[in-house]
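Heads up: the protein sequence lines correspond to chains E and H, in order. Be aware that the first sequence starts at 227, since it is given in the working numbering, and climbs by one per residue. Be aware that the second sequence starts at 440, since it is given in the working numbering, and climbs by one per residue. Backbone N, C-alpha and C fix where the C-beta goes; we use that ideal spot for every residue, glycine too. Keep in mind that this is a model prediction, so the values were computed, not measured.
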Amino acid sequence: MSSRIRNLTIFLSISLVCVLLCDCVQTYVSPYKSPPTGYLVAEGYISANTPTQYSLTRVIGLPGDSSIPVVTGAIVQVEGSDSSVYALPEQGNGIYGDTTLLINRALQYRLRIHTPNGEDYLSDFVQVRVTPPIDSVNWIYSPNNGVNIYVNTHDPNNATHYYRWTYDQTWQYNSGEISTYIYDPVSNTVSARQPGQFVYTCWKDVPSTTVTLGNTSKLSQDIVYEYPLVNIPNNSWEISILYSIQVTQYALTAGGYQYLTQLLTNTESLGSVFDIQPTQLTGNIHCLNDPGEPVIGYISAGTIQQQRIFISYNQMPYWDYEISCYAADHLVPNAPDSLRDYFEYGGFTPIVKTVGGYTGNATRCVDCRSLGGSTNKPSYWPN
Amino acid sequence: MNAKRLYIFLTIISFGLMTGRCSAQGTPPPAVTLDLHQVSYNDFLQALEKQTGFRFFYDTADFDTTRIDVNVQAQPLFSVLNNFFSGTGISWSADRFRHVFIAKGEAINTGLPQGFFDKADSGRLAIGDTVRDYLEEVGKIAVATIENKLYVIGDKANGSLPGKINLAGYTLDAATGEPIVGASIYVENPRIGVSSDQYGYYSISLPRGRHVLNIQSIGMRDTRRLIMVYGDGKMNIELHTQVMTLKKVIVSAEKASNIKGTAMGVQKIDIRTIKQVPVVFGEADVLRVVTMLPGVQTVGESSTGLNVRGGSTDQNLVLFNDATIYNSAHFFGFFSAFNPEVVKDVELFKSSVPARYGGRLSSVLDINGRDGNKRNFAGSAGIGLLTSRLNIEGPIVKDKTSFIVGGRTTYADWLLQDLPAQYKNSRASFYDVNLTISHEINKRNNLYLTGYLSEDHFNLNNDTTYAYGNRSLNLKWKHIFSNKWNSVMSAGYDRYQYSIGSTQNPVNAFNLGFNINQLYFRANFNYYLSASHTIEFGLNTLRYKLHPGFYVPVGGKSLVVPDSLQAEQAQESALYLSDHYTVTNAFSIDAGLRWSLFNYLGPSVVNNYAPGLPLTVQTQTGTTPYGSGSNIKTYGGPEYRLSLRYVLTENFSLKAGYNTARQYIHMLSNTTAMAPTDIWKLSDPNIKPQYGDQISLGAYHNFKSNTIETSVEVYYKRIHDYLDYRSGAQLIMNPHIETDVLETHGKAYGVELLIKKLTGKLNGWVSYTYSRILLQQNNPNEGPLINEGKWYPADYDKPNDATVVANYRFNHRFSVSANATYSTGRPITLPIGVYYYAGSLRTLYADRNAYRIPDYFRTDFSMNIEGNHKVHQRTHNSWTVGVYNLTGRHNPYSVYYVSENGLVNGYKLSIFGSAIPFVNYNIRF
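(1) Buried or exposed: where does Asn1258(H) fall if 16 or more other Cβ atoms within 10 Å of its Cβ makes it buried?
(2) For a test of the three-state rule: what should DSSP assign to Glu570(E), helix, strand or coil?
(3) Does Tyr254(E) have its Cβ less than 9 Å from a Cβ in chain H?
(4) Drop a sphere of 10 angstroms on the beta-carbon of Ala622(H), count the other beta-carbons inside from all chains shown, and report buried for 16 or more, exposed for fewer.
(5) Confirm, please, whether the CB-CB distance from Leu981(H) to Gln957(H) is below 9 Å.
(6) Less than 9 Å separating the beta-carbons of Gln1102(H) and Gln754(H)?
(7) Using alpha carbons as the reference points, say which of Arg649(H), Asn1340(H), Asp498(H) and Tyr480(H) lies closest to Val519(H).
(8) Could you give the first and the last residue of the continuous beta strand (DSSP E) run that contains Ile529(H)?
(9) Measuring alpha carbon to alpha carbon, tell me which of Thr840(H), Tyr1235(H), Arg934(H) and Ser926(H) ends up nearest Asn909(H).
(10) Which of the three DSSP states, helix, strand or coil, is assigned to Asp563(E)?
(11) If we count Cβ pairs, one from each stretch, closer than 8 Å, do we get three or more for the region 520–532 of chain E versus the region 354–374 of chain E?
(12) Less than 7 Å between C-beta atoms, sequence neighbours within five positions excluded: which residues of the same chain meet that for Leu514(E)?
(13) If we cut at 9 Å on Cβ distances, does Arg284(E) have a partner in chain H?
(14) For the region 988–1004 of chain H, enumerate the residues whose C-beta is nearer than 8 Å to any C-beta of chain E, in chain order.
(15) Using CA coordinates, which residue listed in Asp1160(H), Ser1108(H) and Thr1111(H) is at the minimum distance from Tyr1130(H)?
(16) Using a cut-off of 8 Å between C-beta atoms, extract the partners of Asn492(E) located in chain H.
(17) Label Tyr265(E) either buried or exposed according to how many other C-beta atoms from any shown protein chain fall within 10 Å of its C-beta, with 16 as the threshold for buried.
(18) By Cβ distance, which residues of its chain are closer than 6 Å to Glu316(E), with the 5 residues on each side in sequence left out?
(19) Within the chosen definition, does the region 763–778 of chain H reach the region 1317–1331 of chain H through at least 3 CB pairs nearer than 8 Å?
(20) Got a sec? Which residues, its chain only, sit under 6 Å from Ala1095(H) by beta carbon, not counting five neighbours each side?
(21) Scan the region 1242–1272 of chain H for residues whose Cβ lies nearer than 7 Å to a Cβ of chain A and list them as they occur along the chain.
(22) Secondary structure at Gly797(H), three-state DSSP: helix, strand or coil?
(23) Please compile the residues from chain E whose C-beta is within a distance smaller than 9 Å of the C-beta of Ala1112(H).
(24) What is the residue span of the alpha helix (DSSP H) that Lys489(H) lies within?
(25) Start and end of the beta strand (DSSP E) containing Gln1215(H)?
(26) Skipping 5 residues on each side, what residues in its chain have a beta carbon closer than 6 Å to that of Ala820(H)?
(27) For the 8 Å Cβ check, are there 3 or more pairs between the region 395–413 of chain E and the region 462–477 of chain E?
(28) Find the nearest neighbour of Gly1167(H) within the set Ile577(E), Ile549(E) and Thr505(E), judged by alpha-carbon distance.
(29) Using a C-beta cutoff of 9 Å, does His986(H) count as contacting chain E?
(30) Please report how far the alpha carbon of Cys591(E) lies from the alpha carbon of Gly497(E), in whole angstroms.
(31) Give me the Cα-Cα distance between Lys789(H) and Ser1150(H), rounded to the nearest whole angstrom.
(32) Beta-carbon of Leu597(E) versus every beta-carbon of chain H: anything under 9 Å?
(33) How is the alpha helix (DSSP H) around Ala480(E) delimited, first residue to last?
(34) Keeping to the same chain, check which residues put their C-beta closer than 6 Å to that of Arg649(H); ignore five residues upstream and five downstream.
(35) Is it true that the CB of Phe949(H) sits closer than 9 Å to the CB of Gly988(H)?
(36) Which residues does DSSP pair with Val471(H) in a beta bridge?
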């Protein structure tokens, strides 16, 4: 009997593996047409120690593949509870404001927007929150999880409680091969690259796309300890040479924290068996013409704190990044037809001059910009 | 022959009634050869006298008019007598003078009690001897096992009196001695019928005279007893299990409880039916079969939360052996919390809820566990893909005390290991244990002790661990005062608890806990007033103690400030009375009144809010402290339970019902599926009890000699003060939770069609339901309007729902089952737009539940293969092989949009995205 049972369980395991290869999450395209809304989206921060900027955009319909319309020609101003008014001049592309405002940390501030359509929007007054400095941004390497980056901060006054972090990641990387020659489609000729034309090393800049929030209101001391911000998978290209992250820390009001928590729940944490249902977001900015019209955004004011760290490939105990480019170099004869055939559409890039012509390879192996970076070295880059 | 007029000294040597004793010694009794046809007992005994030379002493009045056939060839006299009188209630004895004394009841003692002459002067008997009044048969109950024998109940001397007598007793399983619940016991003419209660007890009023008592129960062989009733009496009836299909089908005219019962919207399924239905992973699942009944829905595949006739999942009273189960799910809802090996049957009341139940609006799901085998030790074990189970049962004292203990555990971590990488670190496990001890103190008193324990642990892709469990213990005492009146008292303790903990970050390491404790006492009395009135009354009282949340640090480095929400306590009590009144044979009424009372008790600090304004943090005006034990708030009122039945023809009846209910404990949830982290909240000064009423009408028609039951039921239901959550509600560790919920009202209506065939080779049911459940929050004084105050569908509103459950028995050892389910996709909140914020495109939501996920369709198939049926072998084994979701359809569980790497992506999540084969092996020993 027992051997029969053993056989049985073996059989069952086999049958179950087949089951689990199934694709349980599939892409969904809504058959419903979403109504035109065009609600206003106001995003920014009334900053007491850096330039204040607001961007005004509008809501588009699902699936959200068209470009986001920006609001131009609006009048945007910050109003203090002392009746002070600061205009945020239009910068183009829906951006308003560029200077550091003289914010009095004892007062309250609000945002007023007047659009060219004649709509008026006004936010509630908000407190100016003083953000404590970031204690450290640190990281831990583990062979299983790669590099995890954490932020640490504390408020000795036990007054902050609600934190938000945004971050900018930048990393340097190289293309698979160094190209010393460049093709000019106008003259259909190949020439040696001049300084500034090299496309071997690039810097990629990626702003955060997630909402990262911290809450210490349930702790006896206002301490944020090793709050995880970013995970860099093992052997990935971020740390192929040098990686940098700049973390920006904001103190929030309880209301601002709640608003962003809801936004996070609605837009980033769905998809489990016990999903919290998405809900309507109610911010602190309102349409004066139609109080029922939703306005996206929560107006907050305060100081911000920043810290940047670097992580070098040399600091990794073991990091094996290789650009996935296995194509062999081609010889491109130095004849006008050949040059045009290979190089005209940019899919192929010359590498070096050789007997009878040039070697060339796929651009993604040769030109680092094809992976989304820029050859402009950021001003803060150390090497 | 005047012996009967005397007191006769009898020594009781055996408990049974059918005693044949032979005191004759010396010459062996002569052999008898007789061949008589249709003779009376009188003729038979005279023929014996002639042939044997023995003198027979008897009273012809002891014999009924039964004619017997006698055909014996050279058998000893005593064995002939034994054969003919065993089981008839007639005893015989013989003395050494070749006298045979035949008497009704116990055998005549042909000797004198020991020491009779020594003590003759004192006129006393030795201790230990028993003096029995022959006329008073007390304390002993006939066990009627034989169909064609006439059982005489009561004293014939009363036979000519007018009026009715009462017959009562237990219906028992002949093999195990376990009670049979819901057996129908009836006589044809006049039409009188009752059914046995949950302890197998029945009580029937009959006119004096001769009757054929018919007894039927699902899964048991139909049987009948010939009875002659002269006076009140007791009779236990043993039934035999129906052993698979017979060559011929016996069609009975009385399988018509759906026609004749007054109750509406009641569905009962026994474990045998449950075990036939194929379910995922092959383990028989009580709740999943319940979800295939008309009017019962769930939000999705991995949810065992039931939505009955538009009710929410917390509006069901789930009772497992009288214990309230707050979370009936195991393992993310893939399994229900009830071990199929210890469950006897399940009864769902979705419309006519008996007055003895209360406290929930929508339904009562009563899951009855089995009593242990009182005669033999037995057990079973099952091995499944993810779980194994074992149960053992047997007598502690034979025929008096039995136990059954069952356990189930899982070894499913390996399954999670095989999941895609993001689930790799997940763990999940559960176990449950059941114990029931039943003890018969005497024929009038029975005790039952039941215990239940379940525990679940899991974590999903992160270090946060979740645990929850139910535990309960109760003691029940059933007492029979007389044939007409009995009582059941029970007292017990139930607990549900969960905890969430995380220790990954030492500074934030925490443990969050929640629990509900309830201590209850219930007393229920049944009084069979007359053939036309059965009265039930009683009282329930329940003491709640909830710890709505405590949040504590874990480890020395944790900075978490211990926080604890104040405990809540309340007393929920009810008095009820109901009468089952048979007005005429065709018309009967079940009328019940339940008066429920809820006291929210101190100590507590209650938040006060400005009157007439929405409850928000801003409108809070202060707090009022209350001392320990003080009555803070009282709610209560009558609940009506009425059902009417009118039988138009033998197999067609109409019924109507009206029901109201009040609910004082609420589950607060903003998840679609019933989650293990859902909070339960008692009504308090700021949260009113829910109140609901339902009116329903039904027509019932049976075809093909009642083997096919059909029914149509329509209902309309109103729900008041149902709690929905506000947008962005914070439900965990919220000291002012009333500001995060909204009192809404709802309406539900629907029609349920059911065709059911539970006998024959092909059996099963087909059901179709059209139903709606709509909610509304249109009171601006209550808080923000939901969907601008318009009606909106609840999460579980699935208008069309059709189910086919079928089983075909090819032979005794092989049957196949198949089922198919279709339902409209449930409502879902889909984005109405996309915006750019915080570095990413994000979705904008507006009205709740304005859209629907794609429709649901699933078919399952299984084969049940039994080992051989030789009775005397050490183990019996069976296999179940099947496929869940045969068509491999990707039934969506949910549809969601999520922002990833700056973009919005829509996904459809299916719990089971392919056909799932399963094999189950069961051993019985």
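With the given structure in hand:
(1) buried
(2) coil
(3) It does: the Cβ of Tyr254(E) has a partner Cβ on chain H nearer than 9 Å.
(4) By the neighbour-count criterion, in which 16 or more other beta carbons inside 10 Å mark a residue as buried, Ala622(H) falls on the buried side.
(5) yes
(6) yes
(7) Measuring from the Cα of Val519(H), the nearest candidate turns out to be Tyr480(H).
(8) Ile529 to Ala533
(9) Arg934(H)
(10) The answer is helix: DSSP assigns Asp563(E) an H, G or I state.
(11) yes
(12) Asp346, Tyr347 and Leu348
(13) yes
(14) Tyr990, Leu998, Val999, Val1000 and Asp1002
(15) Asp1160(H)
(16) Arg1281, Thr1282 and Tyr1284
(17) buried
(18) Sequence-distant Cβ neighbours of Glu316(E) in its own chain, meaning closer than 6 Å and more than five residues away, are Tyr322.
(19) Segments in contact, no.
(20) Leu1083 and Leu1136
(21) No chain A is present in this structure, whose protein chains are E and H.
(22) Coil.
(23) Val499, Phe500 and Asp501
(24) Tyr480 to Thr491
(25) Leu1201 to Gln1215
(26) Closer than 6 Å at Cβ, skipping near neighbours: Leu829 and Ile1362.
(27) Short answer: they touch.
(28) Thr505(E)
(29) no
(30) 37 Å
(31) 15 Å
(32) no
(33) For Ala480(E), the enclosing alpha helix (DSSP H) stretches over residues Ala480 to Thr493.
(34) Met667
(35) no
(36) Gln514(H)
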